[in-house]
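Contents: one structure, followed by commentary.
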Amino acid sequence: MSMKAARDTSSSSPAGGAGGSSGATVRLQNLSRSFGTVQALAGLNLDLAPGELVALLGPSGCGKTTALRIVAGFETADSGRVEVNGQDVSPVPAAKRDMGMVFQSYSLFPNMSALDNVGFGLRMRKLGAAERRSRASELLDMVGLGAQAGQYPHQLSGGQQQRVALARALAIEPRVLLLDEPLSALDAKVRLQLREQIRALQQRLGTTTLFVTHDQEEALSMADRVGVMKDGQLEQIATPHELYAHPATAFVAEFVGTMNRIPSEMLSLLGHAPAAAGDGGPDPSGGVDALVRPEALRIMASPNGNGIVTNRTFLGQLTRISVRLSGDVVVQVDQQSTEANAITPGASVEVSLLEAPVLVAERG
Numbered sequence: 127m128s129m130k131a132a133r134d135t136s137s138s139s140p141a142g143g144a145g146g147s148s149g150a151t152v153r154l155q156n157l158s159r160s161f162g163t164v165q166a167l168a169g170l171n172l173d174l175a176p177g178e179l180v181a182l183l184g185p186s187g188c189g190k191t192t193a194l195r196i197v198a199g200f201e202t203a204d205s206g207r208v209e210v211n212g213q214d215v216s217p218v219p220a221a222k223r224d225m226g227m228v229f230q231s232y233s234l235f236p237n238m239s240a241l242d243n244v245g246f247g248l249r250m251r252k253l254g255a256a257e258r259r260s261r262a263s264e265l266l267d268m269v270g271l272g273a274q275a276g277q278y279p280h281q282l283s284g285g286q287q288q289r290v291a292l293a294r295a296l297a298i299e300p301r302v303l304l305l306d307e308p309l310s311a312l313d314a315k316v317r318l319q320l321r322e323q324i325r326a327l328q329q330r331l332g333t334t335t336l337f338v339t340h341d342q343e344e345a346l347s348m349a350d351r352v353g354v355m356k357d358g359q360l361e362q363i364a365t366p367h368e369l370y371a372h373p374a375t376a377f378v379a380e381f382v383g384t385m386n387r388i389p390s391e392m393l394s395l396l397g398h399a400p401a402a403a404g405d406g407g408p409d410p411s412g413g414v415d416a417l418v419r420p421e422a423l424r425i426m427a428s429p430n431g432n433g434i435v436t437n438r439t440f441l442g443q444l445t446r447i448s449v450r451l452s453g454d455v456v457v458q459v460d461q462q463s464t465e466a467n468a469i470t471p472g473a474s475v476e477v478s479l480l481e482a483p484v485l486v487a488e489r490g
């Protein structure tokens, strides 16, 4: 696939989203926001279908958190609007937007039990004590913390505190759930458990959810669609599979997953036939790079091979092997670990291309 000049920022959403009809439609229209000379958002457009979970993914400073805070009502856009179920909520205060928010830092009240933390929003809505306790207990059970209802935040682990924060956000039955890097402060095992629990709960309740993260694995494993942001705009928004297999730009290709940049004139060395004129493939005369995933390369031990192994990293089922080709081009190759035992640093190997490049990019 050749480089696309236009960015794919389509706002079309899969029907049904995450499987519920209780969620709201959310539309971000041409949102712009600057802080002094720094433009955080530059005309952001995004639609969320009822019950859909959309993740905004990108490097620090790309504008994803600013977009979330504008939706929540904690920031005001310089221009543009936020619509929920067709209504412009831009002038509506954050407390009246009927949205639940979960932060990275948990933000629990230290002097309240888990049960009272979950019921806090219900108390602000003047719900009776008995109904408040009943609903808070139900939410704690839903996140697996019914037995910890009477414990205070300092008596809970980080993962438990974040589940209390999630239950508190959901207790008010929000139209929209907003998640601001809620797992980044937790260790890897707890992150994995919580992202599965959050996704299962979100699908069960059908709550429209906007999730901000810098962790691509989180975004790809949890979201119905992922929007990759750069410089305050969407580079591409698509399903996780589409984003990985068919990135619209070189930035998306290299930000999502691991990517090799191989000069097009070297592709024949990897057994890739030169492209015919006009077929959209890499120009073998040079000037562009082919972007190739590690799993699209094959490696075999060969005394007269085209590369030398420089490093290997065991990843469990796969082993990632670094190979130096001619011209000091180093590529990463993913090999089944059971087949990679004999391929050690210093070995001569033959690297070949199994598939066409994911994308062709101008050489930077």
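In terms of this note's numbering, the sequence shown opens at residue 127 and continues consecutively.
We put the beta carbon where it would ideally sit given N, CA and C, even for glycine.
Ranked by Cα distance from Pro176, the first of Asn211, Leu194, Ala256 is Asn211. Taking 4 residues as the shortest admissible run, the stretch 329–360 contains the following complete alpha helix (DSSP H) segments, listed from N- to C-terminal end: 342–348.
Where Arg446 is concerned, the enclosing beta strand (DSSP E) starts and stops at 444–451. One alpha carbon belongs to Leu395, the other to Leu154, and they sit about 47 Å apart.
Under DSSP, Ser160 shares a beta bridge with Gln165.
The Cβ atoms of Leu170 and Ala193 lie closer than 8 Å to each other. Counting only unbroken stretches of 4 or more residues, the alpha helix (DSSP H) elements lying wholly within the stretch 223–273 are 240–250, 255–268, in sequence order.
Between Ala181 and Thr439, the beta carbon gap of about 27 Å keeps them out of contact (Cβ cut-off 8 Å). Counting only runs of 4+ residues, the alpha helix (DSSP H) found wholly inside the stretch 178–210 occupies 190–198, in chain order.
If you draw a straight line from the Cα of Glu257 to the Cα of Ala297, it is about 11 Å long. In the DSSP annotation of this structure, Val290 is not part of any beta strand (DSSP E); the continuous alpha helix (DSSP H) holding it starts and ends at 284–297.
Around the CB of Pro300, 16 or more other CB atoms lie within 10 Å, so the residue is classed as buried. Annotated three-state conformation of Val477 is strand, per DSSP. Taking all protein chains shown into account, Asn243 has 16 or more neighbouring C-beta atoms within 10 Å of its C-beta and is therefore buried. By the Cβ-count criterion, Val164 is exposed, with fewer than 16 other Cβ atoms from all chains shown falling within 10 Å of its own Cβ. Considering only Gln287, Leu304, Ser239, Leu234, the residue with the shortest C-alpha distance to Leu174 is Leu304. The beta carbon of Met348 sits closer than 8 Å to those of Leu179, Ala181, Arg321, Ile324, Arg325, Phe337, all from its chain and outside the five residues before and after it, given in chain order. Excluding its 5 nearest sequence neighbours in each direction, Ala168 has C-beta neighbours in its own chain below 7 Å: Ser158, Asp357, Gly358, Gln359, listed in chain order. Just so you know, the alpha carbons of Leu312 and Arg330 end up roughly 24 Å apart. Just so you know, the alpha carbons of Asn386 and Ser463 end up roughly 20 Å apart.
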